[in-house]
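I have placed the structure first, in the form of structure tokens, so that the comments after it can refer back to it.
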Amino acid sequence: MQQDNATFEPVRDWSSYPPVEETIRADSSLGWLRRISPVVMSHKWRIIWSIAAAIVAMTAQILVPRVVGLAVDRALIEQTSSLSIFVVILLILGVARASATFGYRYGLYGMAFKVEYQLRTLLFQHLGRLSFSFFDRVQSGQIISRANSDIRSVQMFMAFAPIMAVQFFSFVIAIGLMTAISIPLTAVTMIALPGVFAIGQRLRKIMFPLSWVVQSRQAEIATVVDESVNGVRVIKAFAAEHQQITALAKGAERLRWANLVQHRTRASHTPLIENLPRIALATVLLVGGLQTIDGALSVGDLISFNLYILLLQAPFRFIGMLLILGQRAKASAERIYEILDEPPGVDDRPGAVDLVSLAGHVSFSEVKFCYGTEVVGGTQGAESPPTVLDGFNLDIPAGQTIAVVGRTGSGKSTVSRLLMRFYELQAGVISLDGQDIRDVTQRSLRSAVSLVPDEPFLFSTSIHENIAYGNPNASRDEVEAAARAAQAHEFIIDLESGYETVVGERGYDLSGGQRQRISLARLFLQDPKVIILDDSTSAIDVEIEERIHHSLKDLLKNRTTIVIAHRLSTIALADRVVLIDEGRVVADGTHQQLLEREPRYAETLASTTETDQPWS
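Just so you know, we're using the numbering used here here: the sequence shown kicks off at 7 and counts up by one.
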């Protein structure tokens with residue numbers, strides 16, 4: 007599988023990582039916020055009433071110090087005669103703040119979770135549009151990391167950013183009230199602001215590249231874990247557990263180092279941001295105390311002023327957290343948009359139409375194709391990938407069954423993938439009934455053309471749902487009929503829960519032959535006009551294979567069928583055999599004709615087919 011270091015980092019080549027500062031620069035642009043704003047603003051009314059509730063909560067909080075100061079001054083003058091009214095006011099402010107706090111937190115967290123849901127949905131929708139070439143070069147862990155931890159980082163920022171906006175509002179109001187109490191003391195308080203701003207700017211510039219690296223390291227771990235789980239049978243077969251543990255340990259060490267640097271940076275900057283206002287508090291206590299002694303400031307005003315300084319410490323603490331969350335969200339959003347910006351590779355053309363009344367005439371004309379030709383990250387590999395098909399021509403009349411034979415790497419499976427339009431051609435035309443497959447919708451194409459791959463994939467759900475995967479509205483009788491045709495019904499009803507048996511991940515609870523039969527049952531149920539069988543009975547024993555072939559002969563009547571053949575018994579299904587070599591059709595005829603006139607055919611059979619039968 008090819009990797010492109012310009013976009014996605016590799017997992018195994020640990021030494022290939024250049025220093026962080028050489029690859030990722032601090033970025034002060036807000037482009038990611040502009041891009042994500044349509045998703046966020048789809049919840050604008052929730053945001054508006056949440057911010058309104060937050061303003062109520064912050065206003066109630068800001069009024070408390072002033073009420074306390076007035077109560078102290080009144081108590082010093084009138085003793086306790088009017089304290090009750092201040093107690094009532096404080097209780098009202100407390101209830102208002104508690105209620106409003108619940109409202110804005112509920113609203114903002116709800117908005118953030120909806121944004122998370124929408125981003126994840128957008129990501130998966132786009133992944134569904136990407137061609138196989140994307141998945142050939144991008145590791146699953148990189149995708150999983152973006153779909154989980156990266157989206158969660160954006161969600162956390164979206165939940166806290168509006169709160170910080172309201173905190174700024176409360177900061178401005180508090181400064182105004184402090185100015186009304188004492189302009190000199192307010193000026194003393196503001197001494198800390200330039201230092202806080204400078205430290206915040208430095209923290210922001212450092213945290214963006216570090217956040218990017220941490221997210222990348224998490225993706226590495228996800229890839230190793232994914233490979234370890236999905237490849238557990240190979241790992242155990244080769245007693246290679248130590249290799250995977252070593253790979254995971256290397257990834258974990260790299261993640262630990264990145265996290266350590268990030269948290270060390272945070273630990274060295276956020277205390278300064280939080281404690282600079284406390285220096286101002288000490289100065290205010292000194293200056294304000296002297297003013298109170300001189301009678302220039304009342305005791306209540308001094309208490310109110312110092313309470314405001316204490317309240318202002320919360321926004322200062324939030325500044326550090328918001329800077330960290332913001333840079334992490336920025337790095338995560340850009341990683342998410344790396345995928346969302348990926349061109350589909352294979353997409354419906356403007357004006358594409360649905361296939362209708364398909365007869366099944368398939369034609370390949372001067373087709374040229376090679377894997378890995380996409381340009382990624384603005385660059386292309388220095389070495390051109392080898393051409394798989396080069397001037398490939400093949401005409402299959404409607405209703406004919408054709409076997410495609412060739413050595414490993416000759417391009418047999420590529421023929422089926424191109425007909426399904428999993429990849430885009432570099433040159434030439436593939437047509438169905440005279441219609442270029444690029445001019446029809448992919449949905450209608452893949453409804454008319456069905457592929458049974460050589461490695462069947464089952465989902466972690468019931469056997470019934472696996473068979474009905476391409477036709478979820480199929481009845482139980484239709485599913486059972488398809489299973490009978492695929493010779494799967496007998497082993498299914500022997501299972502404890504029958505058709506409701508939930509297979510394990512990828513169907514590994516079943517044997518290879520059982521998985522292939524369920525995959526064939528999907529084909530029988532879909533009832534397509536064009537069928538592609540890619541070595542679809544290779545894991546099935548001879549007796550059951552004969553019974554499946556008997557069912558297939560009935561299914562293949564009046565349907566165009568392409569059989570990627572590795573067994574003579576499979577070749578026997580075909581009306582015609584074509585031999586592929588070096589990306590071209592080099593021989594065409596019946597099995598017997600090719601044996602008689604084409605030595606390369608016999609050589610290919612000898613090197614590739616599995617048989618208990620004589621060739622002729």
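The beta-carbon is built from N, C-alpha and C at its ideal position, and this holds for glycine as well.
In chain order, each alpha helix (DSSP H) run of at least 4 residues that lies wholly inside the segment 456-528: 469-473, 482-491 and 495-500
Could you pull out every residue in the same chain whose Cβ sits closer than 6 Å to the Cβ of T271, ignoring the five residues on either side in sequence? For the purposes of this step, residue 271 is identified with residue 265 of the sequence shown, where counting begins at 1. Cβ within range, chain order: I212.
Give the DSSP-derived three-state secondary structure of K535 in the structure shown. Residue 535 sits at position 529 when you count from the first residue of the sequence shown. It is coil, neither helix nor strand.
Which word fits K336, buried or exposed, when buried means at least 16 other C-beta atoms lie within 10 angstroms of its C-beta? Within the sequence shown, numbered from 1, the residue matching residue 336 stands at position 330. So K336 ends up on the buried side.
Buried or exposed by the 16-neighbour rule on C-beta atoms within 10 Å, applied to M47: Within the sequence shown, numbered from 1, the residue matching residue 47 stands at position 41. Its Cβ having fewer than 16 others within 10 Å, M47 is exposed.
Is the closest heavy atom of the ligand ATP to the C-beta of G332 under 7 Å? What this structure holds is no ligand at all, so the ligand ATP is not there to describe.
Secondary structure at V382, three-state DSSP: helix, strand or coil? In the sequence shown, the residue the question calls residue 382 occupies position 376. Residue placement at V382 is poorly supported in this model, since its pLDDT is 37, which falls under 50; the coordinates still yield a value, given next. Correct three-state label for V382: strand.
Measure the alpha-carbon distance for V178 versus L136 and round it to whole angstroms. Taking the sequence shown and counting its residues from 1, the one referred to as residue 178 is at position 172. Taking the sequence shown and counting its residues from 1, the one referred to as residue 136 is at position 130. If I take the Cα positions, the gap works out to 48 Å.
Looking at the secondary structure, which residues open and close the alpha helix (DSSP H) in which A167 lies? Counted from its first residue, the sequence shown places residue 167 at position 161. Here the alpha helix (DSSP H) through A167 covers I157 to I187.
Measuring CA to CA, which of Q221, L216, F141 and F140 is closest to D158? For this step, residue 158 is matched to residue 152 along the sequence shown. It should be pointed out that residue 158 corresponds to Arg in this sequence rather than to Asp. The residue with the shortest Cα to Cα distance from R158 is Q221.
Spatial distance of V160 from E344 (CA atoms): Locating residue 160 in the sequence shown gives position 154, counting from the first residue. Locating residue 344 in the sequence shown gives position 338, counting from the first residue. For V160 and E344, the distance between alpha carbons rounds to 15 Å.
Assuming the contact rule is C-beta atoms closer than 8 Å, Q448 and R423 should be a hit. Round their C-beta distance to whole Å, please. For the purposes of this step, residue 448 is taken as residue 442 along the sequence shown, with counting starting at 1. For the purposes of this step, residue 423 is taken as residue 417 along the sequence shown, with counting starting at 1. Rounded, the Cβ-Cβ distance is 13 Å, inconsistent with contact.
What first and last residue would you give for the beta strand (DSSP E) that runs through L602? What you label residue 602 is simply residue 596 of the sequence shown in a count that begins at 1. The sequence given here places Glu at residue 602; Leu does not occur at that position. Element bounds for E602: not the beta strand (DSSP E) but the alpha helix (DSSP H), H597 to R603.
Curious, which full-length alpha helix (DSSP H) runs of at least 4 residues does the segment 46-126 contain? 50-84
Here's the rule: buried if 16 or more other CB atoms are within 10 angstroms of the residue's CB, otherwise exposed. What is F163? Taking the first residue of the sequence shown as position 1, residue 163 is located at position 157. Buried is the call here.
Assuming V410 and V421 make a contact with CB atoms under 8 Å, what is their CB distance in whole Å? In the sequence shown, the residue the question calls residue 410 occupies position 404. In the sequence shown, the residue the question calls residue 421 occupies position 415. Yes, V410 and V421 are in contact; Cβ-Cβ is about 6 Å, under 8 Å.
Taking 8 Å as the threshold (C-beta atoms), are T567 and I537 in contact? The residue labelled residue 537 in the question sits at position 531 within the sequence shown. The residue labelled residue 567 in the question sits at position 561 within the sequence shown. In contact: I537 and T567 (Cβ atoms closer than 8 Å).
Where do the N-terminal and C-terminal ends of the beta strand (DSSP E) with F375 fall, by residue? Position 369 of the sequence shown, counted from the start, is the residue given in the question as residue 375. F375 -> beta strand (DSSP E) spans V368 to F375.
How about P534 and S456: are their beta carbons less than 8 Å apart? Indexing the sequence shown from 1 puts residue 534 at position 528. Indexing the sequence shown from 1 puts residue 456 at position 450. Contact: yes.
Terminal residues of the alpha helix (DSSP H) in which V421 lies: Indexing the sequence shown from 1 puts residue 421 at position 415. In the DSSP annotation of this structure, the continuous segment of the alpha helix (DSSP H) that includes V421 starts and ends at K418 to L425.
Verify whether the separation of the beta carbon atoms of Y377 and D142 is less than 8 Å. Numbered from its first residue, the sequence shown carries residue 377 at position 371. Numbered from its first residue, the sequence shown carries residue 142 at position 136. Cβ distance < 8 Å, so Y377 and D142 count as in contact.
Alpha-carbon to alpha-carbon, V584 and A608: By 1-based counting over the sequence shown, the position of residue 608 is 602. By 1-based counting over the sequence shown, the position of residue 584 is 578. Going by the C-alpha atoms only, they are around 12 Å apart.
Please work out which residues of its chain come closer than 6 Å, Cβ to Cβ, to A571, disregarding the five sequence neighbours upstream and downstream, and give them in chain order. Along the sequence shown, read from residue 1 onward, the residue named residue 571 stands at position 565. Sequence-distant partners of A571 (beyond 5 residues in either direction) whose C-beta falls short of 6 Å from its own C-beta, in its chain, are A409, V411 and I577.
Between the alpha carbons of L199 and L308, how many angstroms are there, rounded? Position 193 of the sequence shown holds residue 199. Position 302 of the sequence shown holds residue 308. Roughly 21 Å between the two C-alpha positions.
Reducing DSSP to helix, strand and coil, say where T195 ends up. Position 189 of the sequence shown, counted from the start, is the residue given in the question as residue 195. DSSP places T195 in the helix class (H, G or I) of the three-state scheme.
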